[in-house]
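Residue numbers for the sequence shown follow the working numbering, beginning at 12 and rising by one. Here a beta-carbon is modelled for each residue, glycine too, at the ideal position from N, C-alpha and C. Because the structure is a prediction, the values reported are computed rather than measured. Below: the structure, in structure tokens.
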Amino acid sequence: MVESTEDRRGLLKFVPPNFSDEVTALVIESENYLADLRNLMPKARIAFLTTDRDEKISALCKSLKVDLFYGDYARNGLPTEPKIFDIILAEDCLTYPPESYRTILEINHLLKDSGFMLTQFWNARFIKVLEELRRGKFPAREKRLWAKWDVVKVLDDAIYKEIRFLPDEQIEKNSAVEEWEKFGFDNFSDDLLTKIWLVKARKCEAEVAALKEIYTEEIRARISRLLHRIEYDLDAEENFQKLMTLCKREQIFDDYLADFISQVVVHDEAKIFLQSRAKDFGMNLFL
């Protein structure tokens, strides 16, 4: 069993062990991750999408109890069903597909509200790439290169809310780095030394994801509708009474409701109203 982050390789450094049978994961065109992912999540439902009809891959999926699907996601896109997966591992979605932005949007659509995508990119600011450019060499590459800033921007545009980076392949610091720094190239987080960056992109921020995981989507939607009606004074008192009834029936605790209000309610006046009225029902909302 994989026990520590250091024991894991590549994108699996972002994946904590999970023994739930409710977790769902999709791996795209990276069968080399399947065995280790199954080791981390022994009871999860894992799907694998590939264009390769090799019998060895079919046998591997069968032995690991992984659902195997065939399809060219780069050419034909991904399925349209929303909110299926907790994790989508798409190692090369920023590297090869001609329409990377479309692909990561489709991945976002497939992720549950608390889900996240794992991918990687080849760093355009890697010192050896810069040295090639200085010598006038930049051969046609099959792999697309990105700078961190560009990856952040495209993920932000595709509505990912929380992004983390980890270095995968790096070289040792050397005198050439200082030379490039003199040219004005910042070496933040050893960016000039990193050949490949690993990326974890959440569909929503971690604290929001935690909120979403506690109660069902139906209950969360009900809370959200009631809060918006209260905020915009649509039968505010009546809807507040319904909110309190819902909280009592579903055992929604004070901190949860306070965090939920902080995420969905914009106007301070509405927050003050909710905080004041909730006291009458024995709830202490610290907003």
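Check, Outcome
"On the CB-based measure, 16 or more other CB atoms within 10 Å of its CB, does residue 283 come out buried or exposed?", "exposed"
"At the level of alpha carbons, what is the spacing between residue 107 and residue 136?", "18 Å"
"I'd like to know whether the C-beta atoms of residue 159 and residue 208 end up nearer to each other than 8 Å.", "yes"
"Just to confirm before moving on: does the CB-CB distance between residue 83 and residue 58 stay below 8 Å?", "no"
"Opposite residue 173 in the DSSP bridges: which residues?", "213"
"Per the contact definition of three or more C-beta pairs closer than 8 Å, is the region 54-69 in contact with the region 122-132?", "no"
"So, for residue 62: in the same chain, excluding its five sequence neighbours on each side, which residues have a beta-carbon less than 8 Å away from its beta-carbon?", "40, 81, 82, 83"
"Taking residue 231 as the reference, which of 162, 244, 101, 254 has the closest Cα?", "254"
"Give every residue of the same chain whose Cβ lies closer than 6 Å to the Cβ of residue 35, excluding the five residues on either side of it in the sequence, and list them in chain order.", "56, 96, 97"
"Quick one: any contact between the region 188-203 and the region 109-128, if contact means 3 or more CB pairs under 8 Å?", "no"
"Across which residues does DSSP place residue 56 in a beta bridge pair?", "35"
"Under a three-way DSSP split, which group does residue 286 fall into?", "helix"
"With H, G and I counted as helix, E and B as strand and the rest as coil, what does DSSP make of residue 14?", "Low per-residue confidence applies at residue 14: pLDDT is 45, beneath 50, and the placement is therefore not dependable, though the value from the model is reported in the following sentence. Three-state DSSP puts residue 14 in coil, outside helix and strand."
"Nearest-angstrom Cα distance between residue 113 and residue 215?", "19 Å"
"To test your reading of the DSSP string, which unbroken alpha helix (DSSP H) runs of 4 or more residues are found completely within the region 72-126?", "84-87, 111-121"
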